[in-house]
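Engineer: Okay, handing you the structure first.
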Amino acid sequence: MTVSADLALVERQLVGGWLRCPQGGCGGVLRGHGHARERVVETGLAGRGQAQARFAPRRVRCDACGRTQVLLPGGFFSRRADGGVVIGRAVEMKADGDGHRKIAVMLGRPASTVRGWLRSAAGAGVDVLRAVAAEIAPDPAAVHPKPAGVPLADLVAALSALAAAVGARWRQKPPAWYSVGAAACRCRLLQVSWWARDAQHELALMPAWLAQAGSAAGP
Ligand SMILES: [Zn+2]
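Numbering (numbering that gives the first Met the number 0), first residue to last: 0 to 218.
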């Protein structure tokens with residue numbers, strides 16, 4: 000599950016009991032439960048080894064059902080060695096008409112890896128994302144981008160609309176579209192199996208932004 004990239008904010012959210020269990024129907028409060036092992040995520044746009052993010056994600060435990068979760072900072076996807084900035088760039092290039100081999104060369108990644116990202120992104124539930132954007136936008140009419148007819152262009156448009164809605168609703172600079180995608184789908188934007196499940200409509204989970212909204216209103 001994705002939370003804010005601001006780790007101090009996440010700790011305040013945990014102490015304040017603002018993060019809720021993502022299991023459907025649970026509603027328990029997530030409490031700090033140590034850290035997962037350190038991971039290294041590649042963030043360089045011209046090849047691996049160029050730039051890396053290194054962090055030990057916070058582990059949390061639900062005080063009601065007892066399930067544990069790992070919190071990933073915004074912009075990172077579950078089970079991916081490359082960061083959202085890289086995968087997001089690949090998706091944008093594909094939406095612009097580039098093939099996976101060209102994208103792989105540009106980003107310095109294996110072609111099979113890039114093809115895997117693109118296939119997974121193509122399975123994302125764009126309609127669900129549009130519905131979430133319309134729900135949180137102050138002006139729902141403003142978040143209905145025209146379908147581009149190209150699957151990944153539609154995904155980028157839907158998530159950009161969602162990012163704009165988050166920015167407008169909570170009066171902040173809109174987050175990157177891939178960060179919003181990671182948060183809205185609990186980091187599983189790129190996992191097709193997640194979209195196939197019945198639980199997909201429970202994705203309106205953006206703890207960091209919701210908590211900020213809560214604190215602005217006085218929790
Ligand atoms: Zn729970």
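Glycine is no exception: its CB is placed at the ideal position from the N, C-alpha and C atoms.
Note that the structure is predicted; figures quoted are calculated from it, not measured.
For L117, which three-state DSSP category applies?
Structural biologist: Helix, per DSSP.
Engineer: Please name the residue in P150, R11, A132 and R168 whose C-alpha comes closest to that of K93.
Structural biologist: The shortest Cα separation from K93 among P150, R11, A132 and R168 belongs to P150.
Engineer: With respect to 6 Å, is the separation between the Cβ of G96 and the closest non-hydrogen atom of ligand 1 below this value?
Structural biologist: Every heavy atom of ligand 1 is 6 Å or more from the Cβ of G96, so no.
Engineer: Mind checking who D81 pairs with in its DSSP beta bridge?
Structural biologist: DSSP, once it has assigned bridges, lists E41 as partnering D81.
Engineer: Quick one, are the C-beta atoms of H32 and V69 less than 7 Å apart?
Structural biologist: No. Outside cutoff.
Engineer: CB G73 to CB S159, shorter than 7 Å?
Structural biologist: Taking 7 Å as the Cβ cut-off, G73 and S159 do not qualify as a contacting pair.
Engineer: Could you tell me the distance, in whole angstroms, from the CA atom of V64 to the CA atom of L6?
Structural biologist: What sits at residue 64 in the sequence shown is Cys, not Val. Answer to the nearest angstrom: the Cα atoms are 25 Å apart.
Engineer: Under the three-state reduction of DSSP, which class applies to V127: helix, strand or coil?
Structural biologist: Note: V127 maps to helix in three-state DSSP.
Engineer: Is there contact here, the stretch 35 to 49 with the stretch 103 to 113, by at least three beta-carbon pairs under 8 Å?
Structural biologist: Flag = yes, the stretch 35 to 49 and the stretch 103 to 113 touch.
Engineer: How is G166 classed by DSSP in three states: helix, strand or coil?
Structural biologist: Three-state result, G166: helix.
Engineer: Identify which residue in L18, T112 and A80 has its Cα closest to the Cα of V40.
Structural biologist: Residue A80 is the option with its Cα nearest to V40.
Engineer: Could you please give me the residues that DSSP links to F54 through a beta bridge?
Structural biologist: Paired residue(s): R38.
Engineer: Expressed to the nearest angstrom, what Euclidean distance is found between the alpha-carbon atoms of L161 and L128?
Structural biologist: Cα to Cα, L161 sits roughly 7 Å from L128.
Engineer: According to DSSP, C61 sits in a beta bridge with which residue or residues?
Structural biologist: C61 is bridged to L29.
Engineer: Which residues, in chain order, sit with a beta-carbon under 5 Å away from any heavy atom of ligand 1?
Structural biologist: This criterion selects C20, Q22, C25, G27, C61, A63 and C64.
Engineer: Taking the Cβ atom as the reference point for each residue, do A55 and E37 lie within a distance shorter than 7 Å?
Structural biologist: Cβ atoms of A55 and E37: closer than 7 Å.
Engineer: Which of the three DSSP states is assigned to Q68 in this structure?
Structural biologist: In the structure shown, Q68 sits in a strand (DSSP, three-state: E or B).
Engineer: Do you know how far the Cα of C61 is from the Cα of G15?
Structural biologist: Those two C-alpha atoms are separated by around 14 Å.
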